[in-house]
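Novice: One structure coming up, written as structure tokens, with questions to follow.
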Amino acid sequence: MRWSQTLIPTMKETPEGAEIPSHVLMLRAGLVGQLMAGAYTYLPLGLRALRKAEQIVREEMDRAGAVELHMPALTPIQLWQKTGRVDAFGNVLIQFQVKRQNRQVHLALGPTHEEVVTDLVSRYVSSYRQLPLTLYQIQTKFRNEERPRFGVLRTSEFLMKDAYSFDTSLEGLNQSYDKMYQAYCRIFDRCGLDYLAVEAESGPIGGDASHEFMVLADNGEDTVVHCAGCGYAANLERADIGQRGETAPAAASDPLTRVDTPKAGSIEAVTKMLGCEPSAMIKTLIYSADEKPVAVLIRGDHEANEGKIRRALKASKVELAAPDTIQQVTGAPVGFAGPVGLKIPIWADSDVAAMASAVVGANAADAHFKGAVRGRDFEVGQFADLRNAGDGDPCPRCAAPLALRHAVEVGHVFKLGTKYSEALSARFLDEKEQLHPAIMGCYGIGVNRIIAALVETKHDDNGILWPMSLAPYEVLLAPLNVKEKEVMTLANQLYEELTHASVEVLMDDRDQRPGVKFKDGDLIGIPLRVVIGGRSLKDGQLEIKWRWRDAAETIPLEGAAVAIADLVQSERNLSHATSP
RNA sequence: CGGGGCGUGGCGCAGUCUGGCUAGCGCGUCUGGUUUGGGACCAGAAGGUCGCAGGUUCGAAUCCUGUCGCCCCGACCA
């Protein structure tokens, strides 16, 4: 492609509103353009990178035995009603009605396709002989994000590879899952991403096992917990915490004292007023577990984890109680709950066990207790791990300190079980003529996020550092002065030769000064730059430079196309190990 | 949904507090010329409903009311 004939609107300055590197660079390099919040046009350069990521995903899915199909993004609302996900998705599901002759048709844009694919399988699969089967598609998904952000990292419309496996047994599911897991590793390796496969919460979608593929990045929305000692890695939502000293509280001599804490309904306000540390306080959170109130005690400097609470209580639904429930249960407004005198079941995080005496809410407006001692002033029904891990907490496997890191989720695999196959009657007959729901797994990759995560993590001060596998073009041909006949004759000849050798070449044929071409070239990050003109040409040489190296080299003009094509080929063959 | 910030030629900004000539600056664009190894220089030119609507005023980019949009923090996120 000749630069003058395509659209690569590079920008010298950072557009207003772009803050994180991927957003800034994708806009500045002319990869994407914004239409509105959460909706971006993929410009020619960005689309090429996206297509490359898509193709890598497709190749590895095919290699893993998955088969591609394409389902409609337009779906009937009834399908979502059958599985109860109209409510589960809520405002995220984009719904609308259209008129068809004399009736209204209620539709939804697919945010994911468990329903559609399961419905499909229920129509065509009826025998164990047809299973296992893994179907996938690469398609635009629609989710009405409450708040799109971070440029292309979180948008309302995005390209997703979604795969669904159907098996006759749990062993089968495990095999299908492992195949996808391995395929994901190959995909992200080929894309040159530094990723971590972490244990993840499978969420209300159901299922018993789940992994997320995370690219570590400071601007990532997710938090993962990682143990450098043994390699344990998990999403913060899911991360277990190692053994904590559940020692009995020291016999405290402090009396239980009621103190006035007017309007201090938060940990921060109380610590300020009483001059104590958050770690000397106990937060008393009133949850509604399957509609029944329960108190959960968490040390003041810790964060409650609803998933852990739900599992500990063996409840199917847990949420913070409504203010009026709290008022009714504690006799106080939100912010002043405490365990002393509470009549509902009391659970506590393990760390609460080791607290000698604590500051707690007094179950009365504008009041707290100092010197509350477990066993004397209140009792805890049961202890469990109910909080988020923190930096330095012990690893659940090896007890080494855990580290918290931000990350971008690029892929997610999980075992679904039979939730959808039961709801939508995707059943098969086994060899004993028994009817069973298919056992499902589902596997997603955010294709746009591959690109955004790559840019986010692989750049320098001058621009993007594409790996060969995702680069919009492999070679940037830069004739320094397009008005010199000799230079352009050579450039055109090289362009033709390289193109015929199946090298993807972008030729900067703009009538611009060298500085402009170099700056733009670095910004868009094409791996190999070939300069024609100037000093080197006088000596019968071309200058070549890898984007990620500081120094340029020269190669003889004679046989240059072959030499460059060889360089490109060898770089293509490398894994990401040597590219950035 | 709560909190904060911002809307002025294609891009980045000043001007708004304290209303007052023809709305400026840098980049980019166009024309002509000189240049050509890290975002050149000279001369000339085009390009604006100051987000939108209403109000106050002799007079509004500027003050008031409403509204739309974008960004950030938080809540939410199968």
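When the count follows my numbering, it moves up by one through the first sequence with no breaks and lands on 1281 for the last residue. Every residue gets a Cβ at the ideal spot worked out from N, C-alpha and C, and that includes glycine. Remember, predicted model here, so these are calculated numbers, not experimental data.
#1: Hey, which unbroken runs of the beta strand (DSSP E) at 3 residues or more fall wholly within the stretch 1177-1242?
#2: Do you know whose CA, among LEU1014, LEU1103 and VAL1148, lies nearest ALA1085's CA?
#3: Under a three-way DSSP split, which group does LEU1275 fall into?
#4: Along the alpha helix (DSSP H) that carries GLN1135, what are the first and last residues, could you check?
#5: Given a cut-off of 7 Å on the beta-carbon distance, is the pair THR711 and VAL725 in contact?
#6: Is it the case that the Cβ atoms of SER870 and THR835 are separated by a distance below 7 Å?
#7: For the stretch 1093-1103 against the stretch 913-925, are there 3 or more C-beta pairs whose distance is under 8 Å?
#8: How is the alpha helix (DSSP H) around LYS1120 delimited, first residue to last?
#9: Are the beta-carbon atoms of ALA940 and ALA1066 separated by less than 7 Å?
#10: Hey, ILE987 and THR1026 are a contact pair by Cβ (cut 8 Å); roughly how many whole angstroms apart?
#11: I need the boundaries of the beta strand (DSSP E) containing GLY1072, first residue and last residue.
#12: Considering Cα atoms alone, identify which of LEU1199, GLY734 and GLU761 is closest to LEU748.
#13: Should TYR646 go down as buried or exposed, given a rule of 16 or more other Cβ atoms within 10 Å for buried?
#14: Alpha carbon to alpha carbon, what distance is there between TYR878 and PHE1115?
#15: In chain order, what residues of the same chain have a beta carbon less than 6 Å from the beta carbon of ALA719, not counting five sequence neighbours either side?
#16: Going by C-alpha distance, which of LEU751, GLU816, TRP704 and ARG1012 is nearest GLN782?
#17: In the stretch 737-805, which residue ranges form an unbroken beta strand (DSSP E) of at least 3 residues, counting only runs that do not cross its ends?
#18: For LEU1191, which of ILE721, ALA774, ALA1262 and ALA1172 has the nearest alpha-carbon?
#19: Using DSSP with H/G/I as helix, E/B as strand and the rest coil, what is THR1031?
#20: Taking the alpha-carbon of HIS1113 as reference, which of HIS912, ARG1000 and GLU1272 has the nearest alpha-carbon?
#21: By Cβ distance, which residues of its chain are closer than 6 Å to ILE906, with the 5 residues on each side in sequence left out?
#22: Pick helix, strand or coil for ILE1047, following the three-state DSSP scheme.
#23: Determine the contact status of PRO1215 and LEU1171, defining contact as a CB-CB distance below 7 Å.
#24: Which residues does DSSP list as the beta-bridge partners of GLN706?
#25: Using a Cβ-Cβ cut-off of 6 Å (strictly less than) and excluding sequence neighbours within five positions of MET974, which residues of its own chain qualify?
#26: Would the beta-carbon of THR841 fall within 7 Å of that of LEU854?
#27: To the nearest angstrom, how far is the alpha carbon of HIS1003 from that of GLY1072?
#28: Near VAL793, what residues of its chain come up, given a Cβ to Cβ distance below 7 Å and the 5 sequence neighbours on each side ignored?
#29: Is the distance from the Cβ of THR1031 to the Cβ of ALA1022 below 7 Å?
#30: Please check the pair LEU1178 and ILE1233, which I expect to be a contact at CB under 8 Å, by giving their CB distance rounded to whole angstroms.
#31: What number of angstroms, rounded off, separates the C-alpha of VAL960 from the C-alpha of SER980?
#32: Can you name the start and end residues of the alpha helix (DSSP H) that LYS880 belongs to?
#33: Indicate the three-state DSSP secondary structure (helix, strand or coil) for ASN936 in the structure shown.
#34: Do the stretch 1183-1200 and the stretch 1155-1168 touch if we need at least three Cβ pairs shorter than 8 Å?
#35: Could you name the residues of the same chain whose beta carbon sits closer than 7 Å to that of ILE1256, not counting the 5 residues immediately before and after it, in chain order?
#36: Is THR707 buried or exposed, if buried means 16 or more other CB atoms sit within 10 Å of its CB?
Specialist: Let me spell this out:
#1: Listed in chain order, they are 1206-1208 and 1229-1233.
#2: Stepping through the first sequence from its first residue, residue 1085 is reached at position 384. Checking every option, the nearest Cα to that of ALA1085 belongs to LEU1014.
#3: Along the first sequence, one-based indexing puts residue 1275 at 574. Looking at LEU1275 - three-state DSSP - the assignment turns out to be coil, as it is neither helix nor strand.
#4: In the first sequence, residue 1135 corresponds to position 434, counting from 1. Run containing GLN1135: none; DSSP gives neither H nor E here.
#5: To locate residue 711, count along the first sequence from 1; it is residue 10. To locate residue 725, count along the first sequence from 1; it is residue 24. Not closer than 7 Å, so no.
#6: Within the first sequence, numbered from 1, the residue matching residue 870 stands at position 169. Within the first sequence, numbered from 1, the residue matching residue 835 stands at position 134. It is not a contact, given that the beta carbons lie outside the stated cut-off.
#7: no
#8: Along the first sequence, one-based indexing puts residue 1120 at 419. That run of the alpha helix (DSSP H) goes 1120-1124.
#9: As a working note, residue 940 is residue 239 in the first sequence. As a working note, residue 1066 is residue 365 in the first sequence. No. Outside cutoff.
#10: Indexing the first sequence from 1 puts residue 987 at position 286. Indexing the first sequence from 1 puts residue 1026 at position 325. Indeed they touch by this definition, with Cβ atoms about 7 Å apart.
#11: For the purposes of this step, residue 1072 is taken as residue 371 along the first sequence, with counting starting at 1. Looking at the DSSP string, the run of the beta strand (DSSP E) that includes GLY1072 is 1068-1073.
#12: In the first sequence, the residue the question calls residue 748 occupies position 47. When only C-alpha atoms are compared, the closest one is GLY734.
#13: Because the chain is modelled from 702 through 1281, residue 646 falls outside the range shown and cannot be assessed.
#14: The sequence position of residue 1115 within the first sequence is 414, counting from 1. The sequence position of residue 878 within the first sequence is 177, counting from 1. Computed Cα separation, rounded: 7 Å.
#15: As a first step, residue 719 must be located in the first sequence, where it is residue number 18. VAL725 and LEU728.
#16: Stepping through the first sequence from its first residue, residue 782 is reached at position 81. For GLN782, the nearest C-alpha among the options comes from GLU816.
#17: Listed in chain order, they are 740-743, 775-777 and 795-801.
#18: As a position in the first sequence, residue 1191 is number 490, starting the count at 1. Looking at the Cα atoms, ALA1262 is the closest of the given residues.
#19: Sequence index remark: in the first sequence, residue 1031 carries index 330 (1-based). Correct three-state label for THR1031: helix.
#20: Translated into positions along the first sequence, residue 1113 becomes position 412. Ranking HIS912, ARG1000 and GLU1272 by Cα distance to HIS1113 puts HIS912 first.
#21: If you number the first sequence from 1, residue 906 lands on position 205. The predicted model places ILE906 with a pLDDT of 44, which falls under 50 and marks its position as unreliable; any figure quoted below should be read in that light. None.
#22: Taking the first sequence and counting its residues from 1, one reaches residue 1047 at position 346. DSSP places ILE1047 in the strand class (E or B) of the three-state scheme.
#23: Here residue 1215 is taken as the residue at index 514 of the first sequence, counted from 1. Here residue 1171 is taken as the residue at index 470 of the first sequence, counted from 1. Not a contact, by the Cβ cut-off of 7 Å.
#24: Mapped onto the first sequence, residue 706 falls at position 5. The partner list for GLN706 (beta bridge, DSSP) is empty, contrary to what the question assumes.
#25: Position 273 of the first sequence, counted from the start, is the residue given in the question as residue 974. Closer than 6 Å at the Cβ level, and outside the excluded window around MET974, lie THR962 and ALA965.
#26: On the first sequence, position 140 is the one that residue 841 refers to. On the first sequence, position 153 is the one that residue 854 refers to. Not in contact: THR841 and LEU854 (Cβ atoms no closer than 7 Å).
#27: Here residue 1003 is taken as the residue at index 302 of the first sequence, counted from 1. Here residue 1072 is taken as the residue at index 371 of the first sequence, counted from 1. Distance between the alpha carbons of HIS1003 and GLY1072 is about 19 Å.
#28: Along the first sequence, read from residue 1 onward, the residue named residue 793 stands at position 92. Only PRO812, ARG844 and ASN845 meet the Cβ criterion.
#29: As a working note, residue 1031 is residue 330 in the first sequence. As a working note, residue 1022 is residue 321 in the first sequence. Not in contact: THR1031 and ALA1022 (Cβ atoms no closer than 7 Å).
#30: For this step, residue 1178 is matched to residue 477 along the first sequence. For this step, residue 1233 is matched to residue 532 along the first sequence. Correct: roughly 7 Å between the Cβ atoms.
#31: As a first step, residue 960 must be located in the first sequence, where it is residue number 259. As a first step, residue 980 must be located in the first sequence, where it is residue number 279. Each residue's Cα considered, the two are about 18 Å apart.
#32: For this step, residue 880 is matched to residue 179 along the first sequence. Note, LYS880: alpha helix (DSSP H), 871-891.
#33: Taking the first residue of the first sequence as 1, we reach residue 936 at position 235. Under the three-state reduction of DSSP, ASN936 is assigned to strand.
#34: At 8 Å Cβ cutoff, the stretches do not touch.
#35: Here residue 1256 corresponds to residue number 555 of the first sequence, with the count starting at 1. GLN1242, LEU1243, ILE1245 and ALA1264, listed in sequence order.
#36: Numbered from 1 along the first sequence, position 6 holds the residue referred to as residue 707. THR707 comes out exposed.
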